[in-house]
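Residue numbers (this note's numbering): 2 to 487.
Ideal Cβ positions, reconstructed from N, Cα and C, are used throughout, including at glycine.
These notes concern the structure reproduced below.
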Amino acid sequence: MNPDPRRNDPQIDPATLEEVEVLREALLDLERANIKEREARAEADAILAGLNVLSDPGTRGRVVEKLIEVLRSIIPFEEAFILTPGSDGLLHPTICTAETLMAATWPVGNMLRRVLAGKATACFDVAAVPEWRTQPESVRRACASALHVLLRQQPTPAVLVCLHSRRGFFSATHVRRAMRLAPLVAQALFNIEYTHQAEEMAEELHRQTQALQQEMVERRKTARQLEESLRRSEEQKQRLLESSESNSALVSLLTHDVANPLTGLLAVIALLQRKLRGEYGEYLQKMEACANDIQAIIKNVRLLRATANGKVSLRLSAVNLIETLDRTIESLAGSLQVKQVEVVKSWAGAAPSPALWVEAEPVSLQFSVLQNVLANAVKFSHPGSRIAVDLQTGEAQVVVAIRDQGIGIPDALLPHLFETNRETTRPGTRGERGTGFGLPLVRMFVERYGGSIVITSHNDGPNTGTQVLLSLPRAAAPEKVEPIPG
Numbered sequence: 002m003n004p005d006p007r008r009n010d011p012q013i014d015p016a017t018l019e020e021v022e023v024l025r026e027a028l029l030d031l032e033r034a035n036i037k038e039r040e041a042r043a044e045a046d047a048i049l050a051g052l053n054v055l056s057d058p059g060t061r062g063r064v065v066e067k068l069i070e071v072l073r074s075i076i077p078f079e080e081a082f083i084l085t086p087g088s089d090g091l092l093h094p095t096i097c098t099a100e101t102l103m104a105a106t107w108p109v110g111n112m113l114r115r116v117l118a119g120k121a122t123a124c125f126d127v128a129a130v131p132e133w134r135t136q137p138e139s140v141r142r143a144c145a146s147a148l149h150v151l152l153r154q155q156p157t158p159a160v161l162v163c164l165h166s167r168r169g170f171f172s173a174t175h176v177r178r179a180m181r182l183a184p185l186v187a188q189a190l191f192n193i194e195y196t197h198q199a200e201e202m203a204e205e206l207h208r209q210t211q212a213l214q215q216e217m218v219e220r221r222k223t224a225r226q227l228e229e230s231l232r233r234s235e236e237q238k239q240r241l242l243e244s245s246e247s248n249s250a251l252v253s254l255l256t257h258d259v260a261n262p263l264t265g266l267l268a269v270i271a272l273l274q275r276k277l278r279g280e281y282g283e284y285l286q287k288m289e290a291c292a293n294d295i296q297a298i299i300k301n302v303r304l305l306r307a308t309a310n311g312k313v314s315l316r317l318s319a320v321n322l323i324e325t326l327d328r329t330i331e332s333l334a335g336s337l338q339v340k341q342v343e344v345v346k347s348w349a350g351a352a353p354s355p356a357l358w359v360e361a362e363p364v365s366l367q368f369s370v371l372q373n374v375l376a377n378a379v380k381f382s383h384p385g386s387r388i389a390v391d392l393q394t395g396e397a398q399v400v401v402a403i404r405d406q407g408i409g410i411p412d413a414l415l416p417h418l419f420e421t422n423r424e425t426t427r428p429g430t431r432g433e434r435g436t437g438f439g440l441p442l443v444r445m446f447v448e449r450y451g452g453s454i455v456i457t458s459h460n461d462g463p464n465t466g467t468q469v470l471l472s473l474p475r476a477a478a479p480e481k482v483e484p485i486p487g
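Given below as structure tokens:
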């Protein structure tokens, strides 16, 4: 302060001069107080304006930009942007006042670490800061000085950066004002992110609701289709039941009404054979063979129906498989001799024959299972050929493998061998006829024992013939062996 020249004037009272000096100091203090009051009022007005921006629904979409404008009223920066972390570990601008600033990418260096630790930093000259020197030319040209303020640390850091084209522009007052308004900007940023997440959740919920509604429509449609399909199935089941009952009654009538006259016919043929010879005797033999075929068909039909309907009860027990095979092969000796077919048994030569026990019903095992399979092998074998019968034993199963060198089974017929409603019977190599019910009976009884049957066949090439694999459950040897009823 310059000294007052009136101090050396002898005409002026020194006391008066002292009072004037005191008054001047008071006026200066008052001016300084007015300046601080205006600054405080400006900060208060800015904070109030920021609160109004946060609470105004009309600014919801641009709330951060509005708050930056409020901040600009007390810190006259030229441009600003907000940095948040990206997936690459760098900080990237998310909100900018100028599009060119979006090109910035910020590595976390010493200066930025101080800011993230909560220390607001004003850079006198950004050219001297390493993080700024890594920025694109378009970003560095936008400013000479910068102010960096931490907005928040959690859940992710956010930093406000204010720019000015003049070096050393930002002062301690600017730093203080920015820090006072930073919580409002941070809250606005949180509101935007929360609103965005809520909108995404609402959109996802809307999509899920639509998908659920569509699924419900499809389910109702499927339910209607299932109801219609069930109704049709019930109708078809009823028709099949009625047809089955009708067919069953017809089969019962035929097997009963045909069986009785057939018995009488066979008796007459036997009587005539004793009295007639020569040409008539040959005719009678053919008639007897035809009648026997019809009788076999009736017997198999009756047995098949009775077994399928559960009218035939099987009492399973331990059965000596090798002994049963020997008896079955012996019963076919006549047919084997006529065709000169040899049966090769894997257990041949053992004396006495070994015992191998399986779980089955002895009568059906011999006469409905083994006899049917071996009779088919003889029927389709070439004269002078061989039939191999092998046994393969496991811990729980015994497999009977019966292989012939016959004419084989056509590929088109193989999948239908066990069907009773298809024509599968064929004449043998010497014109032998069959009933078509033998293999269905075999599978029915084998499955009742708990076993299975597999048939493979080749009708051309060097391996022509058929193989039948009968898998039967093993059984422990019984304490007392009962003979098989003849």
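- For S472, there is no enclosing alpha helix (DSSP H); the residue is part of the beta strand (DSSP E) that begins and ends at 466 to 474.
- Contact between the region 405 to 414 and the region 436 to 449 is not established, with fewer than three Cβ pairs separated by less than 8 Å.
- Straight-line spacing of the CA atoms in K120 and R181 works out to 13 Å.
- DSSP, reduced to helix, strand and coil, places P158 outside both helices and strands of the structure shown, so it counts as coil.
- Only buried fits L164, as 16 or more other CB atoms lie within 10 angstroms of its CB.
- Secondary structure note for S458: its beta strand (DSSP E) is the uninterrupted segment 453 to 459.
- Considering only S146, P355, R168, the residue with the shortest C-alpha distance to V162 is S146.
- The criterion of a C-beta distance shorter than 8 Å is not satisfied by W348 and A476.
- Close CB contacts of T465 within its chain, under the 6 Å cut and outside five residues either way in sequence, are with G409, H459 (chain order).
- Taking all protein chains shown into account, V345 has fewer than 16 neighbouring C-beta atoms within 10 Å of its C-beta and is therefore exposed.
- Short of 8 Å from the beta carbon of E289, and not among the five residues preceding or following it, lie these beta carbons of its own chain, in chain order: L267, I270, A271, Q274.
- By alpha-carbon distance to L392, the top candidate from V401, E228, E235 is V401.
- Within 10 angstroms of the beta-carbon of G452 lie 16 or more other beta-carbons, which makes it buried.
- Between the alpha carbons of M202 and R240 lies a gap of roughly 55 Å.
- The beta carbon of A397 lies closer than 7 Å to those of P474, R475 in the same chain, with the five residues before and after it left out.
- Inclusion of L326 and V390 in the CB contact set at 8 Å is warranted, their separation being smaller than that value.
- Three or more Cβ pairs closer than 8 Å define a contact, and the region 149 to 158 meets that threshold against the region 105 to 118.
- Annotation: A143 to E205 spans about 41 Å, alpha carbon to alpha carbon.
- In the DSSP assignment, the residues bridged to K346 are V390.
- Collapsing the DSSP output to three states places E360 in a strand.
- In the same chain as G282, and ignoring 5 residues on each side of it, the C-beta atoms closer than 8 Å to its own belong to Q274, in chain order.
- Rounded to whole angstroms, the gap between the alpha carbons of E219 and E236 is 25 Å.
- In the structure shown, A268 falls within a helical segment according to DSSP collapsed to helix, strand and coil.
- Rounded to the nearest whole angstrom, the C-alpha separation of T85 and P108 is 11 Å.
- When rounded, the separation of the alpha-carbon atoms in G110 and E79 is 24 Å.
- A residue is called buried once 16 or more other Cβ atoms fall within 10 Å of its Cβ, and A105 is buried on that count.
- About 29 Å separates the CB atoms of A376 and A478; that is not less than 8 Å, and the two are not in contact.
- Residue environment for P428: exposed (fewer than 16 other C-beta atoms within 10 angstroms of its C-beta).
- For the pair V320 and L371, the CB atoms are not nearer than the 8 Å cut-off.
- In this structure, T101 and V140 form a Cβ contact; the two beta carbons are roughly 7 Å apart against a cut-off of 8 Å.
- About 23 Å separates the Cβ atoms of A361 and D405, ruling out a contact at the 8 Å cut-off.
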